[in-house]
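Undergrad: In my numbering, the protein residues as written are 2 to 214. Yeah, the Cβ is synthetic: ideal placement off N, Cα and C, and Gly gets one too. If you're wondering where the values come from, they're calculated on a predicted model, not measured in any experiment. Could you have a look at this structure, given as structure tokens, before my questions?
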């Protein structure tokens, strides 16, 4: 009788342990339609976040490949590095393949650079969690732009959703208040804007006037 009771208890407890095991996969569909649950899950390591972004980036990369091959790339909103083949004078199938590869590379580089900058900003406003939590929030925020950001007009909606997901993601993952998370997002943007203004003002002063003639 005692053995039967132990076996029964083991069978009952096994499904519970399995259901409590956290998943370490980021689901783009869940991110779009159930953002709160998505961000409440466990954070990924940096490699997992990179893999997630690279996988999602295949969609705009395929669109860019087809559009470049048939000559319609000018009607899409360019993603990072998508326009490099055209700037280098590459056309046809080579340009399409290059656009495909560079779109994925650009998405991954954007995640790594932007996620690192955001993590520094989070530390400045009181964030205490590790880098992988910031990278998870950054990867989640890139989903709307990667899936919809290349579509004209819809890009605005995707950008707003990405910003909202980023602020909410830092709020959850870095345990910051909404104000602190918003400040962490705003600080790098303000810094980039100031650097851009400085370059626009200072560079002409070091370039001979004949270049502007």
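Taking all protein chains shown into account, decide if residue 63 is buried (16 or more other Cβ within 10 angstroms of its Cβ) or exposed.
TA: Taking the chain shown and counting its residues from 1, the one referred to as residue 63 is at position 62. Looking at its Cβ environment, which holds fewer than 16 other Cβ atoms inside 10 Å, residue 63 is exposed.
Undergrad: With three or more beta-carbon pairs closer than 8 angstroms as the criterion, would you say the region 159 to 166 touches the region 124 to 134?
TA: Note that the region 159 to 166 does not touch the region 124 to 134; fewer than 3 beta-carbon pairs, one per stretch, sit closer than 8 angstroms.
Undergrad: Report the three-state DSSP secondary structure of residue 162 (helix, strand or coil).
TA: Start at 1 with the first residue of the chain shown, and residue 162 comes out as number 161. Helix at residue 162.
Undergrad: Could you tell me which of 95, 46, 44, 110 sits nearest to residue 58, measuring between CA atoms?
TA: Counted from its first residue, the chain shown places residue 58 at position 57. Out of 95, 46, 44, 110, the CA that lies nearest to the CA of residue 58 is found in 110.
Undergrad: With a cut-off of 8 angstroms, do at least 3 Cβ pairs link the region 130 to 146 to the region 192 to 201?
TA: no
Undergrad: What number of angstroms, rounded off, separates the C-alpha of residue 153 from the C-alpha of residue 146?
TA: Working through the chain shown from its first residue, we reach residue 153 at position 152. Working through the chain shown from its first residue, we reach residue 146 at position 145. If I take the Cα positions, the gap works out to 12 angstroms.
Undergrad: Given that a residue counts as buried once 16 or more other Cβ atoms are within 10 Å of its Cβ, and exposed if not, what is residue 190?
TA: The sequence position of residue 190 within the chain shown is 189, counting from 1. Looking at its Cβ environment, which holds fewer than 16 other Cβ atoms inside 10 Å, residue 190 is exposed.
Undergrad: Once you ignore the five residues that flank residue 177 on each side, which residues in its own chain have a CB closer than 8 angstroms to its CB?
TA: Stepping through the chain shown from its first residue, residue 177 is reached at position 176. Cβ within range, chain order: 123, 126, 127, 128, 171, 185.
Undergrad: Leaving out five residues before and five after residue 112 in sequence, what residues of the same chain have Cβ atoms less than 8 angstroms from its Cβ?
TA: The residue you call residue 112 lines up with position 111 of the chain shown. Excluding sequence neighbours, residue 112 sits near 50, 51, 54, 136, 139, 140, 143.
Undergrad: What do you get for residue 101, buried or exposed, if any count of 16 or more other CB atoms within 10 angstroms of its CB means buried?
TA: Within the chain shown, numbered from 1, the residue matching residue 101 stands at position 100. So residue 101 counts as buried.
Undergrad: For residue 41, which residues of its own chain have a beta-carbon under 8 angstroms away from its beta-carbon, when the five flanking residues on both sides are left out?
TA: Sequence index remark: in the chain shown, residue 41 carries index 40 (1-based). The residues are 173.
Undergrad: Given that a residue counts as buried once 16 or more other Cβ atoms are within 10 Å of its Cβ, and exposed if not, what is residue 45?
TA: For this step, residue 45 is matched to residue 44 along the chain shown. Looking at its Cβ environment, which holds 16 or more other Cβ atoms inside 10 Å, residue 45 is buried.
Undergrad: Return the CA-CA distance between residue 169 and residue 179, expressed in angstroms with no decimal places.
TA: Your numbering for residue 169 matches position 168 in the chain shown. Your numbering for residue 179 matches position 178 in the chain shown. Near 7 angstroms, if we compare the C-alpha coordinates of residue 179 and residue 169.
Undergrad: Would you mind stating whether residue 66 and residue 98 have Cβ atoms separated by less than 8 angstroms?
TA: On the chain shown, residue 66 is found 65 positions in, with the first residue counted as 1. On the chain shown, residue 98 is found 97 positions in, with the first residue counted as 1. Yes.
Undergrad: Buried or exposed for residue 203, going by 16 or more other Cβ atoms inside 10 Å?
TA: Your numbering for residue 203 matches position 202 in the chain shown. Flag for residue 203 reads exposed.
Undergrad: Considering only residues of the same chain and omitting the five flanking positions on each side of residue 149, which have a CB-CB separation below 6 angstroms?
TA: As a position in the chain shown, residue 149 is number 148, starting the count at 1. The beta carbon of residue 149 is closer than 6 angstroms to those of 155, 159 in its chain, skipping five residues each way along the sequence.
Undergrad: To the nearest angstrom, report how far apart residue 157 and residue 95 are at their CA atoms.
TA: In the chain shown, counting from the first residue as 1, residue 157 sits at position 156. In the chain shown, counting from the first residue as 1, residue 95 sits at position 94. Roughly 31 angstroms between the two C-alpha positions.
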